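Report on the structure given below.
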């Protein structure tokens, strides 16, 4: 229920628009890295069981290079049905990034990853985030 | 084959592979004009060529590095503005830089410096260690603060987790019954380098753990439940990020003995491949 709501909310149209903003920021950074976005919701506030939640951590920025949601210039109005996160990566294969969605269902945290770049094994549908 | 090529690269030999499969090795740092080549005769035979002698035979790699599977000096320089991959000394398990891990002065050369709030970590899409096989991990670790759980080294599905938990060193494995078994408890101490050796003896199903060449703790395990599918430094599946540093991390596919661990600790100075 929560995962389906998240998929319906962050649909193909929204995904393409978001990717365009990430690519624009990549170019603005001189193509040295894709921008990073820390998780948009604190852990206790991650959307759960199909209910939308206003993000409470959009002001988070990375300590080493100041990346954050505010640098993306992307707006999503209303309650969100998933928390979002963008992780950049780089290796000898090249650079890429992953857009990660988080939603909680029945108390279980799930994650879905969309990869853009050479490490295609990162792509995954919803999987449970298991804790040690 | 990959390991052999990695050794050649680490020794400063240029290695090229021709279209017909011929491998050409050229030694440049210590001599010039030396070139030798070999053609694999079969998959089993692999590369056929004369290797440089080991250090005890006048070469450059000390025998303490026998059975090395992968090693990361983490000497690459990074200011955190762009991703910088970290090389495996054997050239097989390069680490992808996730969210731009910067470098700082390390135990030997540079080290990687991780920030929890920035979700920084290294990854490789392969498992370095076998499922229920012998291994020894050795590396230098530094935690900025004791709070929380912080992963140093993690292999998925082989299910080995080396971490600090509230400042105490722990080695975990997820066993066949999917139960988590931990071993450890030694206080690491913050803001300083510490040498960690962790191992798994498949023949006795024992985990071993040692900090700074001190007391060894062991614990029983039912055996890890799967072959490793990926490797991480500094996180467990995007949780339990490390706030601290790593340097000179190495994995072997055997259980090393006490004399070896003492030699690697080297009175607190440490060692870097191939010394």
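Chains as they are written, first to last, in this note's numbering: chain P, 53 to 184; chain G, 38 to 312.
Just so it is clear, CB atoms sit at the ideal spot from N, CA and C, and this is done for glycine as well.
All of these numbers come straight from a predicted model, not from anything done at the bench.
Check: Whole-angstrom distance between residue 178(P) and residue 138(P), CA atom to CA atom; Outcome: 16 Å
Check: Per-residue burial, residue 224(G) [other beta carbons within 10 Å of its own, 16 or more giving buried]; Outcome: exposed
Check: Of the residues 64(P), 143(P), 124(P), the one placed nearest residue 87(P), counting alpha carbons only; Outcome: 124(P)
Check: Residue 171(G) and residue 238(G) closer than 8 Å at C-beta; Outcome: yes
Check: 7 Å Cβ shell around residue 59(P) - same chain, five flanking residues per side excluded; Outcome: none
Check: Cutoff 8 Å: residue 39(G) Cβ touching any chain P Cβ; Outcome: Note that residue 39(G) has pLDDT 45, beneath the 50 cutoff, so the model's placement of it is unreliable and the number below is only indicative. So, not an interface residue.
Check: Cβ distance (whole Å) where residue 104(P) is taken to contact residue 133(P) below 8 Å; Outcome: 5 Å
Check: Candidates 181(P), 156(P), 150(P), 183(P): closest to residue 167(P) by CA position; Outcome: 150(P)
Check: Distance, residue 241(G) Cα to residue 170(P) Cα; Outcome: 40 Å
Check: Residue 90(P) at chain G interface by Cβ criterion, 8 Å; Outcome: yes
Check: Residue 92(P) beta carbon less than 8 Å from that of residue 61(P); Outcome: no
Check: Stretch pair the segment 133-147 of chain G + the segment 183-190 of chain G: three plus CB contacts closer than 8 Å; Outcome: no
Check: Close Cβ partners of residue 267(G) (< 6 Å) along its chain, the five nearest in sequence each way excluded; Outcome: 162, 193
Check: Minimum C-alpha distance to residue 35(G) - residue among 113(P), 67(P), 145(P), 98(P); Outcome: With chain G covering only 38 through 312, there is no way to say anything about residue 35(G).
Check: Residue 63(P) burial status per 10 Å Cβ neighbour count (16 or more: buried); Outcome: exposed
Check: Under 8 Å between C-beta atoms of residue 132(G) and residue 108(G); Outcome: no
Check: Listed by chain order, chain P residues near residue 135(G) by CB distance under 8 Å; Outcome: 139, 140, 141
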